[in-house]
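Residue numbers (the numbering used here), protein chains in the order written: chain A, 25 to 363; chain B, 365 to 925.
Here a beta-carbon is modelled for each residue, glycine too, at the ideal position from N, C-alpha and C.
Since this is a predicted model, take the numbers as computed values, not measurements.
Spelled out as structure tokens, the structure:
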């Protein structure tokens with residue numbers, strides 16, 4: 025055991041180039057443009073993924089479904105982050121209404137994004153109608169919010185709540201914080217006039233399709249009072265995760281797209297729920313039978329902008345199968361009934 | 365603690381049983397269809413309920429502690445639908461972990477096509493979940509595979525459910541409803557068929573046919589066949605049904621390999637002259653026309669010869685074991701050509717047989733593929749063999765005369781002792797059934813032999829020692845035989861029972877200690893301090909010890925010790 029530890033330390037001390045590859049140069053492929061909803065209007069948005077040293081939780085423990093830490097690099101320095109941001113802005117300009125600053129971790133964690141870089145970036149975007157940053161709740165403190173509020177008044181804090189059930193968040197996601205932590209973070213953000221977005225995870229591992237559906241519905245109801253927007257993330261199979269290991273053993277299947285549609289339809293009156301089905305229709309992503317996937321993915325995206333359930337018109341023969349799965353999957357004792 | 369399940373009939377690892385269920389008895393193998401039944405099981409895994417249910421995961425197959433529950437569930441079995449290797453490991457692991465008198469339930473896996481193999485591997489309980497899933501995916505299921513809705517549209521199904529209905533006009537929902545009923549019916553029907561085959565002891569024959577429906581199923585059977593020990597431990601010593609060796613996999617049946625092993629490991633070493641003969645369609649061989657003609661030619665010379673029959677798939681059958689299963693009743697497709705697998709297997713058997721014994725000379729009265737096998741064997745061993753068939757016809761007068769002349773010459777050359785051939789049968793059966801040298805304990809001197817072939821009996825000074833039974837042609841000991849065998853047995857083929865007089869059927873609960881080597885239908889000696897009895901085993905010895913329910917031994921005779 026001891027020997028192993030020594031060996032590991034040795035490895036981390038090995039000199040390595042500061043950063044390699046195109047990402048270090050702020051390659052624009054880690055940024056993209058799109059359309060999003062802002063105060064009921066569809067507006068152009070810019071999203072950028074800044075490479076940092078990575079999520080503090082992923083380095084310490086990690087979530088069962090998250091493989092984003094492969095995008096991190098322990099040797100990133102403050103100037104690298106600033107450079108990435110500058111190059112994205114230089115390439116795309118600022119003609120957007122929304123800018124999303126993603127780090128595959130917490131933008132508000134000063135270990136990840138040093139304070140001076142954070143403040144420079146936020147102040148450069150102070151005229152942007154909406155700047156969305158992602159963070160775990162422990163970094164959404166009154167002190168940090170005070171600091172940010174001074175440089176930018178249009179911040180939205182997006183928090184990966186995943187589910188309102190502490191039992192599921194602990195056992196199935198291994199997220200390492202509670203619903204109470206989220207509520208405190210949300211109230212802090214709102215007190216600083218920030219808006220709040222909550223991410224929910226549809227179908228963490230170790231759950232049947234029905235359990236996943238019911239958990240998502242309940243979580244929307246529970247989170248609605250503390251979030252301006254709820255983003256429903258459909259769990260997909262990312263490299264190097266526990267979810268991937270389970271999936272390879274035939275013990276996990278990403279959610280059906282129909283389950284997502286069901287959540288969106290039924291929660292329309294309760295909250296603004298948006299959804300971008302990443303990897304939709306692929307084996308590793310949320311999928312249906314294969315025939316209807318493309319259409320349903322399009323409709324989910326449409327709904328996210330329109331918030332009008334008239335977007336949902338698709339029907340397919342596999343809906344009977346999906347309904348059967350909802351009813352009977354629990355009796356397989358752990359294996360999905362349909363790949 | 366198992367209270368509700370009892371195995372009533374065994375066929376290798378497959379079982380017929382009765383499971384107490386909501387106040388009635390389910391006959392297993394059984395497919396649970398209603399959601400209430402599935403819920404009852406699921407509830408019972410959480411709360412201690414009327415049924416004692418335990419869950420095992422596939423990875424736990426290495427545990428040693430036996431799980432003692434009415435029903436044991438192999439969790440997540442559905443993931444092995446396309447993975448025969450994983451399935452083999454999981455099924456056998458779960459079966460080994462579960463007590464033999466626990467019913468094994470494999471959820472969400474059974475189809476009419478695979479269920480016979482799952483039962484063959486030792487599963488007792490199923491459900492119709494996949495039958496329902498497949499209907500919703502657009503498939504009709506039958507024992508021979510699946511058909512898509514559009515295929516059924518062209519050629520309607522005439523089963524009692526479908527009744528030749530033209531499904532072209534039906535809506536998808538109606539097609540699903542029909543297919544769902546059809547699939548559930550097909551599963552039930554197949555389970556019925558499986559039960560029937562277990563009853564007759566012919567499940568293996570059914571399984572060898574069913575596994576052709578898909579490569580994954582054939583792979584499953586072959587992988588199961590690699591688990592020789594698992595199946596041998598459950599394989600009956602005799603069957604009344606004829607073993608039909610119609611496929612390549614038949615060669616891998618546990619009883620075929622076990623027969624070969626016992627011929628080498630258990631029988632007395634022979635010397636002198638060996639006569640190799642081809643097999644015959646009629647069994648036992650000596651009743652066949654070809655063997656009668658050959659043996660008539662040899663006459664009294666036979667008493668100085670050792671005879672052995674070369675055959676696929678049993679290998680080498682010493683004359684004395686021709687009445688023992690599986691040599692006594694098997695059938696194979698006869699085409700005149702042998703497959704490479706058959707040649708390889710029989711060559712290996714013959715090589716071992718010739719190496720294990722010390723024959724001075726070997727006569728091979730064989731032709732065609734039999735002769736090729738002899739030649740390739742001899743080439744490896746460097747033994748001198750005299751071939752007595754010249755014109756490719758073992759029954760031609762030239763061949764027969766040559767056989768007689770050569771036999772005379774070789775017997776004269778080494779002048780082996782004369783034997784009573786009837787005693788040969790009894791001695792070899794004793795060793796084959798009870799182990800090496802058992803015949804020396806049972807027959808310390810040459811007994812008086814009576815009876816007609818093959819039901820000979822042996823007596824000593826008017827006391828009957830043993831009889832070859834008419835039903836299974838096993839050697840059954842009398843109490844006198846048992847008294848002779850017991851001191852030398854070392855506990856082999858013995859069952860220690862509690863302090864009661866064994867009568868009728870002795871149940872597993874009454875067996876204190878049993879030789880784990882006992883197999884279903886073995887002749888066994890049953891003892892306690894007061895009584896000695898003989899009877900026929902109904903289950904394996906290890907199972908008698910692990911089980912609390914079911915008959916263990918049917919008693920034939922009992923006496924005070």
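The beta carbon of residue 462 of chain B is closer than 6 Å to those of 431, 436, 468 in its chain, skipping five residues each way along the sequence. At a cut-off of 7 Å between beta carbons, residue 92 of chain A makes no contact with chain B. Think of a sphere of 8 Å around the beta carbon of residue 442 of chain B: the chain A residues whose beta carbon falls inside it are 274, 356, 359, 360, 361, in chain order. Between the C-alpha atoms of residue 383 of chain B and residue 413 of chain B there is a straight-line separation of about 15 Å. A distance below 7 Å separates the beta carbons of residue 57 of chain A and residue 70 of chain A.
The beta carbons of residue 805 of chain B and residue 849 of chain B sit closer together than 7 Å.
Close to chain A, meaning a Cβ-Cβ distance shorter than 8 Å, are the following residues of the segment 489-506 of chain B: 491, 493, 494, 496, 497, 500, 501, 502. Judged by DSSP secondary structure, residue 598 of chain B falls outside any beta strand (DSSP E); it is assigned neither H nor E. For residue 627 of chain B, not one C-beta of chain A is nearer than 7 Å to its own C-beta.
With fewer than 16 other CB atoms across the displayed protein chains lying within 10 angstroms of its CB, residue 778 of chain B is exposed.
Unbroken beta strand (DSSP E) stretches of 3 residues or longer found wholly inside the segment 849-886 of chain B: 858-861, 869-871, 875-878, given in chain order. Under the 10 Å beta carbon count, residue 546 of chain B is surrounded by 16 or more other beta carbons and is classified as buried.
The DSSP assignment places 139-148, 166-175 as complete runs of the alpha helix (DSSP H) inside the segment 129-191 of chain A, in order along the chain (cut-off: 4 residues). Within the segment 289-342 of chain A, the runs of alpha helix (DSSP H) that reach at least 4 residues and sit entirely inside it are, in chain order, 317-330.
Here the segment 392-410 of chain B makes no contact with the segment 499-518 of chain B; the two share fewer than three CB pairs at distances below 8 Å.
The beta-carbon of residue 185 of chain A is placed no less than 7 Å from the nearest beta-carbon of chain B.
In this structure, the straight-line span from the alpha carbon of residue 861 of chain B to that of residue 892 of chain B is close to 6 Å.
Not one beta carbon of chain A lies nearer than 7 Å to the beta carbon of residue 620 of chain B.
Where residue 420 of chain B is concerned, there is no enclosing alpha helix (DSSP H), although the beta strand (DSSP E) around it starts and stops at 417-420. Under the Cβ distance rule, residue 341 of chain A counts among the residues neighbouring chain B, one pair being separated by less than 7 Å. For residue 55 of chain A, the closest C-alpha among the options A/162, A/179, A/72 is that of A/72. At a cut-off of 4 residues, the continuous stretches assigned as alpha helix (DSSP H) that sit fully inside the segment 521-576 of chain B are 536-564, 567-574. In the DSSP assignment, residue 641 of chain B is bridged to B/673.
For the set B/709, B/624, B/541, the Cα lying nearest the Cα of residue 613 of chain B is the one of B/709. Close to chain A, meaning a Cβ-Cβ distance shorter than 8 Å, are the following residues of the segment 461-487 of chain B: 471, 472. Counting only Cβ-Cβ distances below 9 Å, residue 433 of chain B has no contacts in chain A at all, with the closest Cβ about 14 Å away.
Less than 7 Å separates the beta-carbon of residue 819 of chain B from that of residue 832 of chain B. Within its own chain, the residues whose Cβ lies closer than 8 Å to the Cβ of residue 482 of chain B, once the five positions on either side in sequence are excluded, are 455, 470, 473, 474, 490, listed in chain order.
Counted as a single uninterrupted DSSP element, the stretch harbouring residue 781 of chain B is not any beta strand (DSSP E), since DSSP gives it neither H nor E. Counting other Cβ atoms within 10 Å of its Cβ, residue 803 of chain B reaches 16 or more and is therefore classed as buried.
When the beta-carbon positions are compared, residue 295 of chain A and residue 222 of chain A stay at least 7 Å from each other. As computed with DSSP, residue 841 of chain B is found in a beta bridge with B/830. The segment 672-682 of chain B makes contact with the segment 692-711 of chain B: 3 or more CB pairs, one atom from each, lie closer than 8 Å. Membership of residue 257 of chain A in the beta strand (DSSP E) is indicated by the continuous run 253-258. The three-state reading of DSSP puts residue 280 of chain A in coil, since its state is none of H, G, I, E or B. Between residue 112 of chain A and residue 77 of chain A, the C-beta gap is not smaller than 7 Å, which leaves the two residues out of contact.
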